[in-house]
Amino acid sequence: MPAQLYGLRDRGRLVPGHWADIVIFDPAKVDAGPLRTVTDLPANGSRLMTQPIGVRHVLVAGEELIRDGAPTENRPGQLLRSGKDTETVFARLGEPAEA
Numbered sequence: 078m079p080a081q082l083y084g085l086r087d088r089g090r091l092v093p094g095h096w097a098d099i100v101i102f103d104p105a106k107v108d109a110g111p112l113r114t115v116t117d118l119p120a121n122g123s124r125l126m127t128q129p130i131g132v133r134h135v136l137v138a139g140e141e142l143i144r145d146g147a148p149t150e151n152r153p154g155q156l157l158r159s160g161k162d163t164e165t166v167f168a169r170l171g172e173p174a175e176a
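Numbered by my numbering, the letters in the sequence shown go through residues 78 to 176 in order.
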């Protein structure tokens with residue numbers, strides 16, 4: 078449903094021919110670690126970051142990014158471009174968006 082709401086084509090469903098990202102977590106343990114600032118963006122830009130708690134596995138495009146709670150070396154995925162990888166989504170199903 079989230080992929081459909083954002084107008085993403087061929088994504089968000091676990092069916093042949095579609096891309097899907099999967100997060101496997103323990104609902105009794107899922108949480109966020111302490112908030113911290115990291116400086117790892119171009120031009121020494123900083124951002125806020127927190128470590129996930131209770132997230133066991135993350136798969137993107139069928140490749141494992143997180144295994145047993147630790148990052149892997151895999152970096153699958155791609156930049157999505159509006160209009161090329163997306164469809165126009167209307168505010169209400171069946172109704173065109175107002176200009």
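Beta carbons: idealized from backbone N, C-alpha and C, even for Gly.
Asked, Found
"Rounded C-alpha distance that separates ASP145 from GLY139", "16 angstroms"
"In DSSP terms, what VAL137 is bridged to", "GLU140"
"Straight-line Cα distance separating GLY122 from GLN81", "32 angstroms"
"Residues of its chain near ASP103, where Cβ-Cβ distance is below 6 angstroms and the 5 sequence neighbours each way are ignored", "GLY131"
"Member of VAL135, ALA120, THR116 and HIS134 whose CA lies at the smallest distance from the CA of MET126", "THR116"
"Residue(s) in a DSSP beta bridge with THR114", "LEU125"
"Helix, strand or coil at ALA147 [DSSP, three-state]", "strand"
"The segment 105-119 contacting the segment 148-164, beta-carbon criterion three pairs below 8 angstroms", "no"
"Nearest candidate by alpha-carbon position, reference ALA97, set VAL137, VAL166 and PRO111", "VAL137"
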